[in-house]
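Q: Structure in structure tokens, see below.
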Ligand code: SIN
Ligand code: CO
């Protein structure tokens, strides 16, 4: 969306107004956020996805005050059994954007926020009465209603005590302050720590766009680990001009000075802003632990790749994270060497995930695909971070 334009997605607010007045501050209910919302995948496809090894799925079933949690894959037979009964259940699949280009397109609607902030697109399907119970999340979330209706109750309560002995984090005492029934295309934005409880009124599908806010502890640990791994310090303590010890039980001032200087030199080298931005870029693009990148079955020569890229164009593969941080680019946890002349093209790839080729017509700002850009893209292709767009005539989302 153009950032100074109002949009239905934000209930007629501009992105600037939404960020100023609601983001990380208070909930916002948006009716008809996505008019005629076409869900990226159907409820049946969600069930099929939940049954796959490579998907991150969970099944939550409620038996009165008792809840059970099963981790995926959730087999079709298990769900078929539940669908015949009448205990409320819900299946949740995380990182749906790793499995469908349409799902990625849904995330792109939120590009008024940096993709460094986006965590994942989760989908849930629930039977009548199903849900995950009242809880709080530590991240911002947009809850976008798909098929069916869901009743959301929310509360600003400070009592966040959890019910004991349950496999899920469910609030012991939940006192709803507001209640909304969401229908297809409606959306509820919740800042972190707002208690919420969603109950399916009918069989329903809910899409959650969740945001990550790294904890300082994890960023600093990552940085210090990276510096330690890169550490190589010459030299060793010596005793030039040493005098006899008066207090042999004390570290001598000369020894203190020499070794503290070694520590201080190493830590001020690690404090270079350039290195910190480097580590931050690596941290923010590190794939989640379960992600695997498929490399091409047969390596393409640089020449064949460049020719195909110019015609067909390229896109990031679904799980790839590409970000610019400071002056550098980072992809999937490591630095990506980019020549200054190619920085605009890489920025566009980081922003939109696609660089269109000649087959897509004379798009404004057409990419020249010069030799050095093609070399960078070819390397990304070899590691599975990037793929060629399908040839003209084939659907983009295969
Ligand atoms: C759900 O879709 O059932 C849960 C989403 C949430 O509460 O964050
Ligand atoms: Co939640």
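In our numbering, the protein residues as written are 1 to 398.
Positions of the beta carbon are idealized from the N, C-alpha and C atoms, including for glycine.
The model shown is predicted, which means the values in this text are computed figures rather than measured ones.
(1) Report yes if the CB atom of residue 154 is closer than 9 angstroms to the CB atom of residue 179, and no otherwise.
(2) Between residue 93 and residue 55, which are expected to be in contact by the criterion C-beta below 8 angstroms, what is the C-beta distance as a whole number of angstroms?
(3) What are the boundary residues of the alpha helix (DSSP H) that residue 330 is part of?
(4) When DSSP labels each residue in this structure, what does residue 114 get in the three-state scheme?
(5) With distances taken from each beta carbon to the nearest heavy atom of ligand 1, which residues come in below 7 angstroms, in chain order?
(6) In whole angstroms, give me the CA-to-CA distance for residue 353 and residue 85.
(7) Report the rounded CA-to-CA distance for residue 161 versus residue 249, giving the unit in angstroms.
(8) Alpha carbon to alpha carbon, how far is residue 271 from residue 17? Give it in angstroms, no decimals.
(9) Should residue 148 and residue 203 be called a contact, given that it needs their Cβ atoms to be closer than 9 angstroms?
(10) With a Cβ-Cβ cutoff of 9 angstroms, do residue 320 and residue 385 count as a contact?
(11) Bridge partners of residue 378, per DSSP?
(12) Note down the Cα distance separating residue 326 from residue 38, rounded to an integer number of angstroms.
(13) Do you know offhand how far residue 302's Cα is from residue 350's?
(14) Residues in its own chain within less than 6 angstroms of residue 176 by CB, not counting five upstream and five downstream?
(15) Which of the three DSSP states is assigned to residue 127 in this structure?
(16) Leaving out five residues before and five after residue 373 in sequence, what residues of the same chain have Cβ atoms less than 7 angstroms from its Cβ?
(17) Counting only the same chain and skipping the five closest in sequence on each side, list residues whose C-beta sits under 6 angstroms from that of residue 100.
(18) For residue 77, report the span of its alpha helix (DSSP H) as first-last.
(19) Quick check on residue 253: buried or exposed, where buried means 16 or more other Cβ atoms within 10 Å of its Cβ?
(20) May I have a chain-ordered list of the beta strand (DSSP E) segments no shorter than 3 residues that lie completely inside the region 261 to 313?
(21) Look at residue 110 and residue 209 and say whether their C-beta atoms are less than 9 angstroms apart.
(22) Got a sec? Which residues, its chain only, sit under 6 angstroms from residue 280 by beta carbon, not counting five neighbours each side?
(23) Would residue 23 pass as a contact of residue 191 if the rule is Cβ separation under 9 angstroms?
(24) Work out the CA separation of residue 304 and residue 317 for me, nearest whole Å.
(25) Could you tell me if the beta carbon of residue 132 falls within a distance shorter than 8 angstroms of some heavy atom in ligand 4?
(26) Considering just the uninterrupted stretch of the alpha helix (DSSP H) at residue 189, what are its terminal residues?
(27) In its own chain, which residues sit with a C-beta less than 6 angstroms from the C-beta of residue 115, not counting the 5 before and 5 after it?
(28) Going by CA-CA distance only, name the one from 7, 388, 375 and 30 that's closest to residue 189.
(29) With DSSP as the reference, please indicate the residues paired to residue 181 in a beta bridge.
A: Judging by the given coordinates:
(1) Yes, they are a contact pair.
(2) Here residue 93 really is in contact with residue 55; their C-beta atoms are around 6 angstroms apart, less than 8 angstroms.
(3) Unbroken run through residue 330 is the beta strand (DSSP E), 328 to 331; no alpha helix (DSSP H).
(4) For residue 114, the secondary structure class from DSSP, reduced to helix, strand or coil, is coil.
(5) Answer in sequence order: 90, 92, 122, 124, 126, 131, 132, 135, 137, 141, 143, 196, 198, 206 and 208.
(6) Taking the straight line joining both Cα atoms gives about 43 angstroms.
(7) If you take the alpha carbons of residue 161 and residue 249, they lie about 52 angstroms apart.
(8) Approximately 36 angstroms, taken between the alpha carbons.
(9) In this structure, residue 203 lies closer than 9 angstroms to residue 148 by Cβ.
(10) For residue 320 and residue 385, yes; Cβs fall inside 9 angstroms.
(11) As DSSP reads the structure, residue 378 sits in no beta bridge.
(12) Here the alpha carbons of residue 38 and residue 326 stand approximately 37 angstroms from one another.
(13) Their Cα atoms are separated by approximately 22 angstroms.
(14) Result list for residue 176: 153 and 155, in chain order.
(15) Coil, per DSSP.
(16) Annotation for residue 373: 342 and 345 place their beta carbon closer than 7 angstroms to its own, counting only its chain and skipping 5 residues before and after.
(17) Hits under 6 angstroms: 40 and 41.
(18) Counting along the chain, the alpha helix (DSSP H) containing residue 77 begins and ends at 76 to 84.
(19) So residue 253 ends up on the exposed side.
(20) Here no run is fully enclosed.
(21) In this structure, residue 209 lies closer than 9 angstroms to residue 110 by Cβ.
(22) Closer than 6 angstroms at Cβ, skipping near neighbours: 325.
(23) In this structure, residue 191 lies closer than 9 angstroms to residue 23 by Cβ.
(24) Their Cα atoms are separated by approximately 19 angstroms.
(25) As far as ligands go, the structure on display features ligand 1 and ligand 2 and does not contain ligand 4.
(26) According to the DSSP assignment, residue 189 belongs to no alpha helix (DSSP H) but to the beta strand (DSSP E) extending over 187 to 190.
(27) Around residue 115: no qualifying Cβ.
(28) Relative to the Cα of residue 189, the nearest Cα in the group 7, 388, 375 and 30 belongs to 30.
(29) Residue 181 pairs with 151.
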